[in-house]
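Have a look at the structure below before the remarks.
Residue numbers (full-length UniProt numbering), protein chains in the order written: chain A, 1 to 298; chain B, 1 to 298.
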């Protein structure tokens, strides 16, 4: 790093604990550390120390950071993950998602791109029947969409039966059901299984932009960084099928605001979709056909 | 960074979101960000992203880290700071202490070196009379020490009257009073004021090595890193006087184990002390004279 120093100090902050100190911290790891943990912690310790030296971090600033992080844990529970949200607003979840999933499959034609999970997925969403709705408290300003498509293996080109399509979205007030006492449990979320032809379908809402929670450390940090708190309109999807690499992604309304400055940096061009008018269906005014290509399993 | 990439990718992980992505996150900060916060966050975002790219951090590994951090907040309260302890075990508190205090005064002869605050200081410790004890539940295996000395301004060379010497230490069971329901409130801590000659004195315990808490994320991380959890025997001090730079430090028993491998990396050679036998005092078997030199205020 440009402004790092060693204990013999060659530059401006000559006396600050330098690379020898950092090495002593790294070398305190014992022989029974797993090789991967050693690799991760070695890099983490180096970067954290270099960061502190680069900006000449003071104890007061560091303690403000500690308090922000403790606050994140204190606000987190089984319905909310503020530590995750702090990572999201500095782009870290998008980056590790890219490292883990997208980079490996980007060159494979037809594979649907991944996007971050976000903090509002629930592992206990109910399984629902194709053609049914996930909107049980449809708001007055909500536009109902029939969303449907086929899940396909890009390896074989064949549709995948019995794939699960887990979908979740916020209501038009910007809240997921677990954030909103006025929505019923599991409103706007559900798991659908593809039929023998690999098809899924459900009614949902046209998504709308919404603010991420402002009452915690992520909201506070966004405010300090003079950034807005909005996410563009999107629907979350998690798609799994036997023999295929599971996909976590989000699709974005191409007409939404905030596509170019998502507060959590999740938008990808290939994930933008267009909602079109639907005719002759009293249950929905819009339609979205969205088919999903899965890569083969690891 | 050696393995960083840009979005056109020149090396091994050619497709991973690279420096352009990082730049877009940094540039999302608005014009009303304070210059210092912009400087700190710019460096933090760069280092966090480079860390993730350097080790090719996966979503599962990142989420394990998020959970560790949330756990830290959930275990923290007004008597415990596990976020701080996580920083301590990777040397960060010692580093920022060094940046903030020691580096600036190291060249001034006679200034007592600083050391980390640690998570067990309390802002509401009682003021006690010189010559009294801080040990109200003296354990059977405890050795009582009369600790005394003079607080001096290194600028003027004069002793400082009305300086406050805030002292706190663990009992021989390794627990501070707020961790131990068997100790009375504020046992083994107190604030003493120097007299007209700059002198302070109190009875305390000879400190003993102890383990840092094992039941939280810091203990878990130490275990994963195959490191021990012990701190060498030490007494905490915070010394303040009008016109002088406040000092937070620790003094270490030169006969203690773990001096060379303190789990929080706080030991400095100049802070090692020798306890000597005390004669003709029924209240103490040991004595420690320890005088403190303060630098002038900022």
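Each residue gets a CB set at the ideal place from its N, CA and C atoms; glycine is no exception.
Own chain partners of residue i with C-beta closer than 8 Å, once the 5 adjacent residues on each side are dropped
i, result
"residue 206 (chain B)", "142, 143, 144, 145, 233, 253, 275 and 286"
"residue 198 (chain B)", "150, 151, 152, 158, 159, 160, 161 and 163"
"residue 138 (chain A)", "144 and 205"
"residue 1 (chain A)", "Only weak support exists for where residue 1 (chain A) lies, its pLDDT of 35 falling under 50; the coordinates are left without a value."
"residue 260 (chain B)", "267"
"residue 128 (chain B)", "134, 190, 191, 192 and 202"
"residue 290 (chain B)", "147, 148, 149, 251 and 273"
Reference residue i; option with closest CA among the options
i, options, result
"residue 256 (chain B)", "B:203, B:271 and B:61", "B:271"
"residue 63 (chain B)", "A:71, A:219, A:83 and A:76", "A:83"
"residue 28 (chain B)", "A:279, A:245 and A:228", "A:228"
"residue 26 (chain A)", "A:43, A:34 and A:36", "A:43"
"residue 217 (chain A)", "A:269, A:72 and A:259", "A:72"
"residue 243 (chain A)", "A:118, A:56, A:297 and A:20", "A:297"
"residue 87 (chain B)", "A:67, A:75 and A:241", "A:67"
"residue 193 (chain A)", "A:173, A:165 and A:204", "A:165"
"residue 251 (chain B)", "B:93, B:17, B:122 and B:169", "B:169"
"residue 215 (chain A)", "A:47, A:75, A:180 and A:41", "A:75"
"residue 117 (chain A)", "A:246, A:294, A:278 and A:260", "A:246"
"residue 294 (chain B)", "B:77, B:107, B:280 and B:92", "B:107"
"residue 220 (chain A)", "A:69, A:183 and A:35", "A:69"
"residue 140 (chain B)", "B:173, B:260 and B:156", "B:173"
"residue 77 (chain A)", "A:240, A:34 and A:121", "A:121"
"residue 136 (chain B)", "B:36, B:24, B:240 and B:184", "B:184"
Contact belief for residue i with residue j at Cβ below 8 Å, rounded distance in angstroms
i, j, result
"residue 52 (chain A)", "residue 96 (chain B)", "6 Å"
"residue 31 (chain A)", "residue 226 (chain B)", "6 Å"
"residue 235 (chain B)", "residue 190 (chain B)", "The Cβ separation is near 12 Å, so there is no contact."
"residue 90 (chain A)", "residue 292 (chain B)", "In fact, because the Cβ distance is near 41 Å, the residues do not count as touching under 8 Å."
"residue 94 (chain B)", "residue 266 (chain B)", "6 Å"
"residue 167 (chain B)", "residue 61 (chain A)", "The Cβ separation is near 27 Å, so there is no contact."
Other residues of its chain near residue i: CB distance less than 6 Å, five sequence neighbours each side excluded
i, result
"residue 320 (chain B)", "Because residue 320 (chain B) is not part of the residues shown, which for chain B are 1 to 298, the question remains open."
"residue 79 (chain B)", "178"
"residue 49 (chain A)", "22"
"residue 8 (chain A)", "Unreliable placement is indicated for residue 8 (chain A), whose pLDDT of 33 sits below 50; no coordinate value is reported for it."
"residue 81 (chain B)", "119"
"residue 85 (chain A)", "119 and 218"
"residue 110 (chain A)", "154 and 293"
Contact set between residue i and chain A, taken where Cβ atoms lie within less than 7 Å
i, result
"residue 212 (chain B)", "None at all; the shortest Cβ gap to chain A is about 13 Å."
"residue 252 (chain B)", "By Cβ distance, chain A contributes nothing, its closest Cβ being about 16 Å from residue 252 (chain B), past 7 Å."
"residue 84 (chain B)", "66"
"residue 97 (chain B)", "59"
Beta-carbon contacts of residue i that lie in its chain and below 7 Å, excluding the five residues immediately before and after
i, result
"residue 249 (chain A)", "112, 113, 114, 115, 237 and 271"
"residue 288 (chain B)", "145, 147, 273 and 275"
"residue 283 (chain B)", "144 and 203"
"residue 195 (chain A)", "130 and 161"
"residue 231 (chain A)", "209, 210, 212, 258, 262, 263 and 264"
"residue 38 (chain B)", "29"
"residue 186 (chain B)", "125, 126 and 177"
"residue 100 (chain B)", "none"
"residue 280 (chain B)", "none"
Within chain A, the residues that residue i reaches when beta carbons sit closer than 8 Å
i, result
"residue 87 (chain B)", "62 and 66"
"residue 94 (chain B)", "17 and 21"
"residue 261 (chain B)", "28"
Beta-carbon neighbours of residue i, restricted to chain B and to distances below 7 Å
i, result
"residue 100 (chain A)", "58 and 59"
Proximal chain B residues relative to residue i, where beta-carbon distance stays under 8 Å
i, result
"residue 25 (chain A)", "90, 91 and 265"
"residue 76 (chain A)", "70, 73 and 74"
"residue 81 (chain A)", "66 and 70"
Within chain A, partners of residue i - CB distance below 9 Å
i, result
"residue 313 (chain B)", "Look at the range of chain B in this structure, 1 to 298, and you will see that residue 313 (chain B) is not part of it."
"residue 227 (chain B)", "28, 29, 30 and 33"
Residue i: contacting residues in chain B (beta-carbon distance under 9 Å)
i, result
"residue 188 (chain A)", "Within 9 Å Cβ-Cβ: nothing; residue 188 (chain A) doesn't reach chain B, min ~24 Å."
Quick one: which residues of the stretch 29-42 of chain B get their C-beta closer than 9 Å to a C-beta of chain A? List them in chain order. 29, 30, 31, 32, 33, 34, 36, 37, 38, 39, 40, 41 and 42
Against chain A, which members of the stretch 46-58 of chain B pass a CB distance test of less than 9 Å? 46, 47, 48, 49, 50, 51, 52, 53, 54, 55, 56, 57 and 58
Between the stretch 138-166 of chain A and chain B, which residues of the former have a C-beta closer than 7 Å to a C-beta of the latter? none
Interface residues of the stretch 121-140 of chain A facing chain B [CB-CB below 7 Å]: none
Output, in sequence order along the chain, the residues in the stretch 269-293 of chain B whose CB is closer than 7 Å to any CB in chain A. none
Quick one, which residues of the stretch 215-249 of chain A are near chain B if we go by CB-CB under 7 Å, in chain order? 224, 225, 226 and 227
Output needed in chain order: residues of the stretch 199-210 of chain B with a Cβ under 8 Å from some Cβ in chain A. none
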